[in-house]
């Protein structure tokens, strides 16, 4: 399907359920998609950071995109991450995910290499030139160690290179610059990647949100989005604060024993497993699994939020 | 061939010559291998950072390894980088490069994801378990944004997980800790990735060096290595200082116009082109090419070093 | 005077006008205070980062505090920064500014040294124990290279160690955690240090704002604060966006020629000079002054905002 | 006394012994100076990072300089750190330490503020202009979060602004560029601040070393320096490796409980206390003290090195 212009609402970055052997669990993935669509989300983003794209082999990435695009069957737009280090490698992923049915690709700045704004611009231009579907920039400095400058994003948007931005930088002021600067540009969607300031982002003009926690509580984020759209800011704030409380589950993993990805993605998958959506909470290697005790903490967060 | 224990001497990270269309230039790659082996290097490292591994597609990576391993035909050990974000993706590269003839694989810490020492250890253990050839750790914080702790490297070495370390961290004190701590371990090779302190590294006990600049002046690095081995430290220092002067070519690229990878790799390839070793100085996308003027500066450095 | 609990509204971090010889220009400082109080601000913050506290000698710091506290004469609360590396040095500043009339002190995490959450907590506890006035934590990672963790701030707030937080981290999600977590604590004020997301911060429950740009346009920030308090979010957003546009003056300084402090503080002082508030736009050494051309750009921003 | 040109040999950064009340322990400080001079060191550096300069009040700093300069009485050159954020504050310290008898001042790049190479150059030029004694640049990115570029240091050296460099960056390649680039410049001293690569630094041409661990084992570093000067590189390496082993005492502090400064300076002071040089091992606030158990580990390192 054609990407809506702009793309609005809630577009969860879809977790990738794995089997105990760390293969893609297709049945669970379909159930997760059903869980999200039933809540009324507005699109799906596969192969993002929350999807453990960095941990999936090329074969697994293809299978994920085919599964989701096939299962959704055009009812919702499917965005696909094409996360890799540089232009030639990203272009291979573009070919793969678009063959598998993706309606847009989500592209980070180059990483691993020492990059530069001029190279970042060149990267996006080359990818857009050769991509059959629209390109959305993915600003995620915690992963790629470069912040996309707002003026660069706006220049590329004005030239028609970028169809949107997913901002996972945590820098709301920079995001605001893109939101206000792109206001006249039809066909550009400004999406926040935050779980915790969706109300703030929508209030200042963002088109939508891509919150990882929406895997766990898609109804909450859909509700939050609708409250913001109707200008019911007090109830929106209350809903957002409830979701902020739920998000604290990402802190149950012991930082002496594991890193932030293991803790955060482990909590999301534990919650999906506890809620009965996926069969197995395993995260990809080399992530450290949550302990039994940590998983019980996740359960308490779910119970506290009325989700169990 | 079996990896020598320890691997000593000069092991250049082999540049990947490209055609103007950014395909692997197989004929130039073979000539570059001949240029290096004629100088008496002790091994070859393909698909490292200097090889633009981050920019090569999987197909190109395979072609590079096949070409070099085939051309070398067992006369020298061929190490291959398997640079990717996490364990499952690295394992795919391990399968590919070992099928293509690599004698060892060179593995970084996970990147893009937020990692942790426990996850890094798990990563190396899993890769080593499933790799048919020895695993050498690649410490390159400028690229992966994590420094491999010396005690972690030594623990993995003691367990037989790691067969060596290529240290491109620039932290000589940390490298020294690995060198002295691994002294009793047969089968562990400590290699410096520096161009500029090879004499220092060998003086404190390193087994060998993997200097990118050895593409341009392999004779210089072989000479330096031999002077160090015979304890002729004064002449070694003079040779090293000459090479430090030559290395300044990596600074000719204008930092307002390009990043450090473009400038450094651009200079190496310009030099190889000017010296007649490769047909085309192109670097991979999205790197910014050197200007004509900048290329002339590279020529001056070569002339100054008696290499033209 | 006693610090209001909570402290609400607009509390500008007062610029420190200098003479061409880089001495404190007392007359201009008094005029600047009048300019701010006339606009209806709710407090004044001297010796913050915007005040160039890092550049002022101890004698100059004392003179600034005495001048402002004396001129305000209890009509408004005066907060004073006590910016220094560690506890003993900060305590000397606490003694100095409280003798000079400050109603509260604003304290960063230790810097220059390699610090730790346990040491940061100990630092705030010791300073609070020995300070005759309330202590407000100053979260400014761009300067001190440590982020104050929300749970540490909340624990210190619960213990009565901290009377507030000035958050200049740019991390709205972390700030929100402090705002919601401290909601029950009378006597704790959560203040944003952002110029660009004051509406967002107030919407999620912040007590007030400490925006450097309020030196240039105090009326705008007071208006913005009042619109937010009355829940007129649409007009608040429009006012905030106007101020975001004005803030772009901090980008007129050429980044090839100067750093961010020179550019930002230079623009604020140029604007105050152009508006006739201060006699001389000089910034402290070793900052690089704006050029004539860059100053003209500042004038254009002022004209565009109807401030000239 | 006039600073030797160049300044060579071992110049320990002198620890600042404190009483249990965290006042300067003058008697212990004199004993520490005697301990160092008896070992044959070539100069003393007070108010450096190892001296806890960041933790000392201005009064304490003055007392330290007066005590050491008075006690040394011209037998050795006394260098004094003037560590502060910017030019005006540094100049106040320059006045204070030179009045107290310092023979040279040691100056970092500006910190806390966002700085720039042009501002760093301006800073050093202004300080040198107004300092009655020579200025040595102090490159310590771990503290000030900026690396001094080698070409900037060399340009300032060529202009007579800088009389030397103390390099605590850990970047031996960058230090080498300064060493070789300044070879023709009489009156410029290149000093390494490393404890762990003194032999490497001297081998490539450094004039001397400023190792914090020399407080604990000054004889070892003097021996190391003499071995390097006579070209006895094998025995120098053995001595250096012994000192590297001793340096591991800086790792006894539990990183879950304290930061790197607490652990490192705590170990040095515990060792000086255990060796009977100083009366009390206290470090300044807000550092976390070593536990009894951690102190016993320090004792074991001393015993292992034959120092108890």
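Protein chains in written order, with the numbering used here: chain H, 27 to 334; chain L, 27 to 334; chain U, 27 to 334; chain G, 27 to 334.
Ideal Cβ positions, reconstructed from N, Cα and C, are used throughout, including at glycine.
Given the structure is predicted, the values throughout are model-derived calculations rather than measurements.
Self-check item: Entirely enclosed alpha helix (DSSP H) segments - the segment 99 to 162 of chain G, minimum 4 residues
Solution: 113 to 125, 143 to 156
- request: Specify the secondary structure class of residue 297 of chain H as computed by DSSP and reduced to three states.
  value: helix
| message | Does any residue of chain U have a CB that is nearer than 9 Å to the CB of residue 112 of chain H? | response | no
Requested in this report: Would you mind telling me which residues of chain H sit closer than 8 Å to residue 314 of chain L, beta carbon to beta carbon, in chain order?
Outcome: 142, 144, 145, 148
Grouping DSSP H, G and I as helix and E and B as strand, with all else coil, what is residue 215 of chain G? strand
Give a yes or no on whether the minimum CB-CB distance between residue 253 of chain U and chain G is below 9 Å. no
Residue 178 of chain L versus chain G: which residues are under 9 Å apart at the beta carbon? Within 9 Å Cβ-Cβ: nothing; residue 178 of chain L doesn't reach chain G, min ~14 Å.
Worksheet item: What separation, rounded to the nearest whole angstrom, lies between the Cα atoms of residue 254 of chain L and residue 234 of chain L?
Response: 10 Å
For residue 192 of chain G, name the three-state secondary structure that DSSP assigns. Strand, per DSSP.
| query | Going by the beta-carbon positions, is the gap between residue 198 of chain L and residue 176 of chain L smaller than 9 Å? | reply | no
Requested in this report: Decide if residue 39 of chain L is buried, meaning its Cβ has at least 16 other Cβ atoms within 10 Å, or exposed.
Outcome: buried
With C-beta atoms as the reference, is residue 196 of chain L less than 9 Å away from residue 220 of chain L?
yes
Among G:206, G:204, G:209, G:163, whose alpha-carbon lies nearest the alpha-carbon of residue 188 of chain G? Here the closest residue by C-alpha is G:163.
Quick one: does residue 319 of chain L have its CB under 9 Å from some CB of chain H? no
TODO: Output the boundary residues of the alpha helix (DSSP H) element that contains residue 33 of chain L.
DONE: Residue 33 of chain L -> no alpha helix (DSSP H), and no H or E assigned at all.
Starting from the beta carbon of residue 288 of chain H, find every residue of chain L whose beta carbon is closer than 8 Å, and list them in chain order.
Under the 8 Å cutoff, chain L gives 142, 145.
Review point. Count the other CB atoms within 10 Å of the CB of residue 379 of chain G; is the residue buried (16 or more) or exposed (fewer)?
Key: It is not possible to answer for residue 379 of chain G, since the shown part of chain G is limited to 27 through 334.
Buried or exposed, going by whether 16 or more other CB atoms sit within 10 Å of the CB of residue 26 of chain L?
Since the first residue of chain L shown is 27 and the last is 334, residue 26 of chain L is not available in this structure.
Q) Would you say residue 220 of chain U reaches chain H, if we count a Cβ-Cβ gap shorter than 9 Å as a contact? A) yes
Worksheet entry | Boundaries of the alpha helix (DSSP H) in which residue 248 of chain U is found, first to last residue | 244 to 255
Q.
Please classify residue 229 of chain U as buried or exposed, where buried requires at least 16 other C-beta atoms within 10 Å of its C-beta.
A. buried
Item to check | Proximal residues to residue 92 of chain L (C-beta, below 8 Å), its chain only, five neighbours per side dropped | outcome: Take residue 92 of chain L, set aside five residues on each side of it, and the residues of its chain with a beta-carbon closer than 8 Å to its own are 126, 127, in chain order.
So, helix, strand or coil for residue 232 of chain U, using DSSP? coil
inquiry  = So if I threshold CB-CB distances at 9 Å, which residues from the segment 216 to 244 of chain G count as touching chain L?
reply    = 220, 221, 222, 223, 225, 226, 227, 229, 230, 231
So, do the segment 254 to 265 of chain H and the segment 200 to 218 of chain H have three or more beta carbon pairs nearer to each other than 8 Å?
no
| request: Determine the chain G residues that contact residue 270 of chain L at a beta-carbon separation under 9 Å, and present them in chain order. | output: Within chain G, 199, 202, 203, 206 have C-beta atoms less than 9 Å from the C-beta of residue 270 of chain L, given in sequence order.
Is the beta carbon of residue 147 of chain H closer than 9 Å to that of residue 180 of chain H?
no
- Task: Quick one: measure Cβ to Cβ for residue 272 of chain H and residue 331 of chain H, integer angstroms, because I've assumed they're closer than 8 Å.
- Result: Contact flag correct, Cβ pair sits at about 5 Å.
Fill in: Contact check, residue 247 of chain L vs residue 72 of chain L, beta carbons under 9 Å
no
Given a cut-off of 9 Å on the beta-carbon distance, is the pair residue 120 of chain U and residue 89 of chain U in contact?
no
Would you say residue 263 of chain G faces chain L, with C-beta separation under 9 Å as the test? yes
Q.
In whole angstroms, give me the CA-to-CA distance for residue 70 of chain H and residue 94 of chain U.
A. 56 Å
Measuring CA to CA, which of L:169, L:152, L:160, L:81 is closest to residue 33 of chain L? L:160
Return the residues of the segment 103 to 127 of chain U that lie within a Cβ-Cβ distance of less than 9 Å from chain G, sorted by chain order. 109, 110, 111, 112, 113, 114, 115, 117, 118
- Whose Cβ in chain U lies nearer than 7 Å to the Cβ of residue 66 of chain H? Residues of chain U passing the Cβ test: none, with the nearest at roughly 25 Å.
Q. Exposed or buried, what is residue 193 of chain L when buried is set at 16 or more other beta-carbons lying within 10 Å of its beta-carbon?
A. buried
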